[in-house]
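Report on the following structure.
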Amino acid sequence: MPYNQSILEQELRRGEKVEAGLPWRLLVFSAFLFGLLFFVYLGMQFGYKPYLNSRIKNLDSKINNLNQVIDEGERKRLIDMYSQFINIQDLLKSHTVPSRLIELLEKNTQSQIYYLSLNFSLTDKSLRLEGVSPNYNILAQQLELFQRIPEIERVNLDNSQLLGNGDIRFSIKLIFKPELIH
C-alpha cells in the first residue's frame, strides 16, 4: 500500500533552498565601494595633496616677501602697538564705568574736535577734557551737544584760548549724574 505523503512532509524532506543572489549582490556592492574609495584616495594622494603643497609654498613665499618689505624696527613697533591695543581692550572690558564714559564721548563728539587729555574723578563724578577745536562755533556746538546728554548734570567751560594757527584750545568739565557712575 502506497503511503501518501502530506504536503508538509514533502516540504520538510526537500530541505531549505538558499538563494545565492543576495550575498553575490552584497559582494559586488562592497567591491564597487572599495574601488570607489581607492580611486578617491589616489586622487587625494596624487592630485589634491600636491595642489595643497604648492599653495602652501606659494603662501610661504608671499609671507617671506612681506617680511622683507617690512623692516625689523617697523615690525617691532607694529607688534608693540598691537600688544597695547589688546591690553587696552582687556582693560576696557574689565572697567565698565570708564568704558561707558569713553563710549559716551565717542558718540557725542564733533568730528572736528580732538581731545588732548582726559581726567576722570570718581569722587566728584566729573570728567575734565582738554582739547582743540578749529573755531569757537564748533566749540559752542560741542558744549550744546554735551548739555543735551541726559547722563550729564552740568557742563562747564573752564578755559579757552586762541592758538597761533587759529585753533582754539579748551578745557571742559563734565559733571555726571550719580546713576551713571555706580
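Residues 16 to 197, numbered by this note's numbering, are exactly what the sequence shown covers, in order. C-beta atoms are modelled at their ideal positions from N, C-alpha and C, and glycine is treated no differently.
8 angstroms Cβ shell around residue i - same chain, five flanking residues per side excluded
i, result
"L158", "V170, L172, I187"
"Y56", "none"
Cβ-Cβ distance between residue i and residue j below 9 angstroms
i, j, result
"Q127", "I153", "yes"
"Q83", "Q125", "no"
"I164", "N123", "yes"
"I190", "I167", "yes"
"L120", "L81", "no"
"K140", "P193", "yes"
"F185", "S136", "no"
"G181", "N150", "yes"
"I85", "L93", "yes"
Min CB distance residue i to chain C below 9 angstroms
i, result
"T124", "Among the chains in the structure shown there is no chain C, since it carries only a single protein chain."
Distance, residue j Cα to residue i Cα
i, j, result
"G146", "Q162", "17 angstroms"
"K77", "I71", "10 angstroms"
"G88", "E118", "33 angstroms"
"S69", "R115", "49 angstroms"
"F44", "F54", "15 angstroms"
"A46", "E26", "37 angstroms"
"L60", "D95", "Just to set this straight, residue 60 is Gln in the shown sequence, not Leu. C-alpha separation (whole angstroms): 43 angstroms."
"Y63", "G50", "18 angstroms"
"D75", "P65", "15 angstroms"
"K91", "G58", "44 angstroms"
"L42", "R29", "28 angstroms"
"L52", "N79", "38 angstroms"
Exposure label - residue i; buried when at least 16 CB within 10 Å
i, result
"F100", "exposed"
"L142", "buried"
"L48", "exposed"
"L67", "exposed"
"L106", "exposed"
Chain-order list of residues whose beta-carbon lies under 6 angstroms from that of residue i (same chain, five-residue window excluded)
i, result
"Y130", "L144, G146"
"L160", "N123"
"N174", "S186"
"S132", "E145"
Those runs of the beta strand (DSSP E) which lie wholly inside the segment 126-162 and span at least 3 residues: 129-136, 141-148
4 or more residues per run - each alpha helix (DSSP H) lying fully within the segment 32-87: 36-58, 64-84
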